[in-house]
Structure formats: C-alpha cells, structure tokens
C-alpha cells in the first residue's frame, strides 16, 4: 500500500470518527440522560440560563463542565476503562473514592466532618430530651462501622477516626447505654458490592444487642436461609468494574412469616420481605420495603407485651426482623424522612425501651430532619 493510500485511509478514518462523535454529541444534547442507573444519581444537564453574571463568577462554566462530563458519549465505557486502568494496571488503591480489597468494594473516607457529625448528634439529642429522658424506659445506642473501618484497620487504607466518633456520641448521649458491636463484625459480614451487612452473617450482633436489651432468652435463632440472585449493590455500578453480583440471603421462620408490618405513611399492612422491591433499582429495599419514615412490626405470637422503638437507617431494615421474637411490637423510626417534632402523634413513648441504631456514614451527613 502506497503512502498516499495510507494517508487517505487515516484521513477518512479520522474524519469518520470526528463526524460520528459530533453526531453523538448533538444527539446527547437534544436527548440528555436524566439519571445514571449504574451510579444511582441524577446527571448534570445543560445550564438553564447563560448570563454575563454567570460567566463572570464562573458558575456557568462550572455547570457546563459538569454537564460535559456527565453527558459525554459512551460515558459508561470510559468509566470502566478508567477504573480498570487505575486499579489493575497502575495498581492504585482507589478510584473515584472507591477501593477494592479481596473483592469487597468500599468507599474511602479520610475523616468524619465535624459540622456534620455535630448536626446529626444534635438531632439525636433532641429526640432524647423530648421523648426519652423521662419516659421510664431503658435507652440504648449502637453505631455500625462502614466497610472502610476494616480496610483501614486490616489493610492500611485511610480511615476516619471511629474512636473519636464513638466517644463524641457517648458524651453527647450519656443518658443512653452504649452497646459496642464493632467487635462482632468483620469485612466478610458485609456484601461485596454494597454498603450493608448481610442478614445471615450478623447473628453475633443480634446476640449482643439482645443481651443488652434483655430479650436474648426469647430469641430462638432458628431460621431457614433463603437466597435471591443476583443482588447488585450500590457499588456495583459506581465502581464501573462490573464485579460478580452478590447473593442476597434472607432468614425466615414461622414467627417472621406471621408478622405484619404497618406503614404509617400509607396506612397499609404488608410482610417483612418485599419480593417486588428486590426487582427494583435497589434490591436491598427487599427488607421492610426500603426507605420508610415510620413502621410498626407486630408479632401475633409474642410471649410478652413489651414493645421496642428503634431509631434507625437502612441497616435496621435487615437486623430488626431478627429481634422480632423478643417483642409484641417494634416501632421503626427514620428521622431522615419524618420530623422528630411529629413523633408523639404516632407513638406513645411512655415505658418503652428505645434503641438508636445508626451507621457511622449516616452520622457523617446532614440527613436528619
């Protein structure tokens, strides 16, 4: 092949690539993608208004940069290429804040943000002072470490100061008994592609909580293991690595099968496990139908009249069913979705025991109302 023919072939190939890429950019401009299903987040859109003020203060430029990155043609392909190159070729420890160790994907945090932690603790203090301080029931609190706790402890990754977080919580909520469950957990107790723990691997945590709550003698611990596959955790798409999906394991017995879950938002009653939710965007919503502001689990086979109130985040969805045998009813409150000022309209706190059960990552955010 002559040089002239080679040059022509290169020129035509380059021209075709530029033309194709330009067409894809135009198509994406007129048909932007609203959300990234793999990352579970909304994507930036073309700036609504372009003004001189926006150009001068660079807000328009920043918005356009975000739009360009989020709406880039073949974005998922390049995300995967970058992630594999950084982690597998360059052998870097993390990519876009996510690390992979022994197949487990975790979000790396350098430290907790003081202002966010103080805000979260402040909201919990409000609940304690308003409803619990003089209600006659026992009060407990337990914190759940993220997977980055184990990556920092065992593999040398950067990790927040969990000891300080625990001490801050214990100091601010000194009227509550702190239950330390860190020692009952290890990295293998969590899903590989998700933030949460796996229900079948937290029996040690359940026993620790039940002993502190005084109901361990009521829990049989006899369950049948059931599996759902594939379970795509939140990091499955965010990592862009396309790892092997997890298997979601859930536990059942006659007691759990007979329980009912009352949803104060809808006024409807359902079961503990929601099979339809497993097929949705977040398979973990299988447990107690996902994010709900206020639920009540009723156990018709209870051998006691005791009731428990759990203030929780999503971790509580999978562990609470394993405490059901110990109570007549368990109230589940998520103050990310309901204002604490309204709780006495739905719950009679008098004489009831209360457990605050929160992941460290939730305290390191401004999620509470």
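In the numbering used here, the protein residues as written are 2 to 370.
All C-beta atoms in this analysis are idealised placements derived from N, C-alpha and C, irrespective of residue type, glycine included.
Mapping DSSP to helix, strand and coil, what is residue i?
i           : result
residue 366 : coil
residue 258 : helix
residue 219 : helix
residue 29  : At residue 29 the pLDDT is 47, less than 50, meaning the model places this residue with poor confidence and gives no usable figure here.
residue 320 : helix
residue 193 : coil
residue 201 : helix
Per DSSP, residue i forms a beta bridge with which residues?
i           : result
residue 96  : 99
residue 308 : 330
residue 359 : 144
residue 249 : 229
residue 114 : DSSP output for residue 114 lists no bridge partner at all.
residue 274 : 288
residue 182 : Its beta-bridge partners do not exist; DSSP assigns none.
residue 295 : 334
residue 108 : 99
residue 124 : Answer is none; residue 124 lacks a bridge partner.
residue 263 : 270, 297
Can residue i and residue j be called in contact, C-beta distance under 7 Å?
i           : j           : result
residue 296 : residue 250 : no
residue 306 : residue 329 : yes
residue 149 : residue 107 : yes
residue 369 : residue 121 : yes
residue 364 : residue 118 : yes
residue 294 : residue 345 : no
residue 298 : residue 320 : no
residue 182 : residue 211 : no
residue 327 : residue 219 : yes
residue 356 : residue 141 : yes
residue 361 : residue 146 : yes
residue 266 : residue 248 : no
So residue i and residue j are supposed to be a Cβ contact under 8 Å. How far apart are they, rounded?
i           : j           : result
residue 350 : residue 133 : 7 Å
residue 259 : residue 301 : 6 Å
residue 271 : residue 290 : 6 Å
residue 316 : residue 197 : 6 Å
residue 1   : residue 178 : Here the chain comprises residues numbered 2 to 370, so residue 1 is not present and cannot be evaluated.
residue 166 : residue 113 : 6 Å
residue 153 : residue 195 : Wrong, their Cβ atoms sit about 19 Å apart, outside the cutoff.
residue 129 : residue 174 : 6 Å
Is there a Cβ from chain D that is less than 7 Å from the Cβ of residue i?
i           : result
residue 248 : Protein chains in the displayed structure number just one, and chain D is not present.
Task: Cβ contact check for the region 251-264 and the region 216-232: 3 or more pairs under 8 Å - done: yes
Open item on the list: Quick check: the region 304-312 against the region 266-280, are at least 3 beta-carbon pairs closer than 8 Å?
Closed with: no
- [ ] Could you tell me whether the region 149-169 touches the region 206-222, using the rule of 3 or more Cβ pairs below 8 Å?
- [x] no
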